[in-house]
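**Q** The structure that follows is given in the form of structure tokens.
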Amino acid sequence: MAKLSELGERYLIRYLVEHLDWPENGLLPPGDDAAAFWFTGQLVASVDTLVWETDVPPGMTARQAGWKAVTAAVSDLAAKGARPRYILLSLSINPSTEFNDFVELITGAQEAAKKYGASIAGGDINETSSPSISVTALGSSEKLLSRVGTCPGDMLACTGLFGKTFAGLHAAMNSRPVEQVLSEAVYFPVARVDEGVALAGCGGVSACIDSSDGLAESLYQLSELNRVGFMVESLPIDSTAQKYCVDNMLDVVEAVFYGGEEYELVLTVKPGCRNFVENALERLGGRVVWIGSVIEEQGVFYRGKPVERRGWQHFSPIR
Numbered sequence: 001m002a003k004l005s006e007l008g009e010r011y012l013i014r015y016l017v018e019h020l021d022w023p024e025n026g027l028l029p030p031g032d033d034a035a036a037f038w039f040t041g042q043l044v045a046s047v048d049t050l051v052w053e054t055d056v057p058p059g060m061t062a063r064q065a066g067w068k069a070v071t072a073a074v075s076d077l078a079a080k081g082a083r084p085r086y087i088l089l090s091l092s093i094n095p096s097t098e099f100n101d102f103v104e105l106i107t108g109a110q111e112a113a114k115k116y117g118a119s120i121a122g123g124d125i126n127e128t129s130s131p132s133i134s135v136t137a138l139g140s141s142e143k144l145l146s147r148v149g150t151c152p153g154d155m156l157a158c159t160g161l162f163g164k165t166f167a168g169l170h171a172a173m174n175s176r177p178v179e180q181v182l183s184e185a186v187y188f189p190v191a192r193v194d195e196g197v198a199l200a201g202c203g204g205v206s207a208c209i210d211s212s213d214g215l216a217e218s219l220y221q222l223s224e225l226n227r228v229g230f231m232v233e234s235l236p237i238d239s240t241a242q243k244y245c246v247d248n249m250l251d252v253v254e255a256v257f258y259g260g261e262e263y264e265l266v267l268t269v270k271p272g273c274r275n276f277v278e279n280a281l282e283r284l285g286g287r288v289v290w291i292g293s294v295i296e297e298q299g300v301f302y303r304g305k306p307v308e309r310r311g312w313q314h315f316s317p318i319r
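The numbers in UniProt numbering rise by one with no breaks, and the one at position 165 of the sequence shown is 165.
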């Protein structure tokens, strides 16, 4: 299989122009200097970068890396109640990469874009010794959610259970057999786009954030922004993840608070709006997981005890 250094940038761009499913409503042709569209509604944008050295776990294929990169950017839109419409990819790839891996990377990114109802509309290609892929997601929203707006007395909830990526990553790092649901949480994560849009539309959510940095860190960010605290009373542990943790002598509380990259939405709900929020997700076949409440004392607590602030931070000497 040919390497990218043997093919050159023009060949790669020509391949993308010929093989990507470009948006039908584009005002400029594929391969032009920019992408242009007629756009109505509230424009919501996010960008996320996946770096192979820090963000790609053992065993992840190029296709899975492309999927994950798009999902990470889209998840931030989901937390705002927005639907992605267009995706821009900025690829920095090692020249020694085989062309097949390049194709797989693009395939994974395009599969994820289609999953969320978006189209890849353009981007850039560059060479580097340390590969990365930056994804810009452009979306629209009728009603926005924000990280700011919660106050004491609100209820604390999330769109799913935690611990799957913690367990799945532990299995991958230690070459241990694992249930498919835990493996998929690591290699094919899913952003909660439909849930975010439904939650924004129901009118009962006071604040929302995605849990890509881990549940503990997400709650601490909300705590700082809103000058409130959170009392977690019910541990939202996935049963398969819990069994893996027990079988491998891992702490289930650690798995819930510090797993990260689970892309669930963490939300606070106004008093009297519980039914509105539950009905909004039930119509999608989902559910609300109620885990606690918003309190006056800043910080994060689990059953009355402080939860240590730990989570992924770039440029931090402590992980």
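We put the CB at the ideal spot given by N, CA and C, even for glycine.
1. Tell me whether P131 is buried or exposed, calling it buried when 16 or more other Cβ atoms sit within 10 Å of its Cβ.
2. Quick one: using the 10 Å Cβ neighbour count with 16 as the cut-off for buried, is Q110 buried or exposed?
3. What is the DSSP secondary structure of E217, counted as helix, strand or coil?
4. Check whether the stretch 228-242 and the stretch 286-293 are in contact - that is, three or more C-beta pairs closer than 8 Å.
5. Short check: CB of A171 to CB of G259, under 9 Å?
6. By the 10 Å Cβ neighbour count, where 16 or more other Cβ atoms means buried, how is D203 classified, buried or exposed?
7. Can you list, in chain order, the residues of its chain whose CB lies under 7 Å from that of L89, leaving out five sequence neighbours each side?
8. According to DSSP, simplified to helix, strand and coil, what is W68?
9. Helix or strand or just coil, what does DSSP make of S129?
10. May I ask you to report which of helix, strand or coil DSSP gives T40?
11. CA-CA distance, A2 and V103?
12. Going by the beta-carbon positions, is the gap between H256 and M155 smaller than 9 Å?
13. Provide the residue span of the beta strand (DSSP E) that contains M231, from first to last.
14. Using CA atoms only, rank isn't needed, just tell me which of A207, E261, W67 is closest to K114.
15. Using the three-state DSSP reduction, which class does V190 fall into: helix, strand or coil?
16. I need the DSSP call for T268, collapsed to helix, strand or coil.
17. Sorted by chain position, which residues of the same chain lie with C-beta nearer than 7 Å to A191's C-beta, five sequence neighbours on each side aside?
18. Specify the secondary structure class of M155 as computed by DSSP and reduced to three states.
19. Measure the C-alpha to C-alpha separation of F301 and T61 and round it to an integer number of angstroms.
20. Would you check if the distance between the CB atom of G214 and the CB atom of L145 is smaller than 9 Å?
21. Rounded to a whole number of angstroms, what is the C-alpha to C-alpha distance between L250 and E24?
22. Using only alpha-carbon positions, find the residue among V253, E282, L222 that is nearest to L267.
23. Start and end of the alpha helix (DSSP H) containing D32?
24. Could you give the distance in angstroms between the alpha-carbon of V246 and the alpha-carbon of V252?
25. Looking only at DSSP bridge pairs, what is P57 linked to?
26. Which residues in the same chain as P57 place their Cβ atom closer than 7 Å to its Cβ, once the five residues preceding and following it in sequence are excluded?
27. Mind checking which residues open and close the alpha helix (DSSP H) that includes R274?
28. Does L105 come out as helix, strand or coil in the three-state DSSP assignment?
29. For G160, count the other beta carbons within 10 Å of its own beta carbon; 16 or more makes it buried, fewer makes it exposed. Which is it?
30. Report whether the distance from the Cβ of A241 to the nearest heavy atom of the ligand MN is below 8 Å.
31. If I93 and T54 are in contact, beta carbons under 8 Å, what's the gap, nearest whole angstrom?
32. Quick one: what's V148 bridged to in DSSP?
33. Give the range of the beta strand (DSSP E) segment to which G299 is assigned.
**A** This is what the structure gives:
1. Around the beta carbon of P131, a 10 Å sphere encloses 16 or more other beta carbons of the protein chains shown; the residue is thus reported as buried.
2. Buried.
3. The DSSP-derived three-state label of E217 is helix.
4. As far as the Cβ criterion goes, the stretch 228-242 touches the stretch 286-293, which means the pair count is three or higher.
5. Taking 9 Å as the Cβ cut-off, A171 and G259 do not qualify as a contacting pair.
6. Inspection of the sequence shows that residue 203 is occupied by Gly rather than by Asp. Exposed: under 16 other Cβ atoms inside 10 Å.
7. Once the five neighbours on either side are set aside, the close Cβ partners of L89 are A109, I120, G123, I133, V135.
8. The sequence shown places Lys at residue 68, not Trp. Helix at K68.
9. Here DSSP, grouped into helix, strand and coil, assigns S129 to coil.
10. T40 sits in coil when the DSSP states are folded into three classes, being neither helix nor strand.
11. Answer to the nearest angstrom: the Cα atoms are 12 Å apart.
12. Here the sequence assigns Val to residue 256, which means His is not the residue at that position. Contact: no.
13. The continuous beta strand (DSSP E) containing M231 extends over residues 229-232.
14. If we check each option's Cα against that of K114, W67 comes out closest.
15. Three-state result, V190: coil.
16. T268 falls in the strand class under three-state DSSP.
17. Hits under 7 Å: T71, V74, S75, A78, Y116, Y263.
18. Three-state result, M155: strand.
19. Rounded to whole angstroms, F301 to T61 spans 38 Å at the Cα level.
20. For G214 and L145, no; Cβs fall outside 9 Å.
21. Taking C-alpha positions only, L250 is separated from E24 by approximately 50 Å.
22. When only C-alpha atoms are compared, the closest one is L222.
23. Taken as a continuous stretch (DSSP letters only), D32 belongs to no alpha helix (DSSP H), as it is neither H nor E.
24. Each residue's CA atom was taken as its position, placing V246 and V252 some 8 Å apart.
25. DSSP output for P57 lists no bridge partner at all.
26. Only L169, A172, V186 meet the Cβ criterion.
27. Counting along the chain, the alpha helix (DSSP H) containing R274 begins and ends at 274-282.
28. In this structure, L105 counts as helix in the three-state DSSP scheme.
29. Label assigned to G160: buried.
30. Ligands in the displayed structure: none, and consequently the ligand MN is not present.
31. Between I93 and T54, the beta carbon gap of about 16 Å keeps them out of contact (Cβ cut-off 8 Å).
32. Answer is none; V148 lacks a bridge partner.
33. Counting along the chain, the beta strand (DSSP E) containing G299 begins and ends at 299-302.
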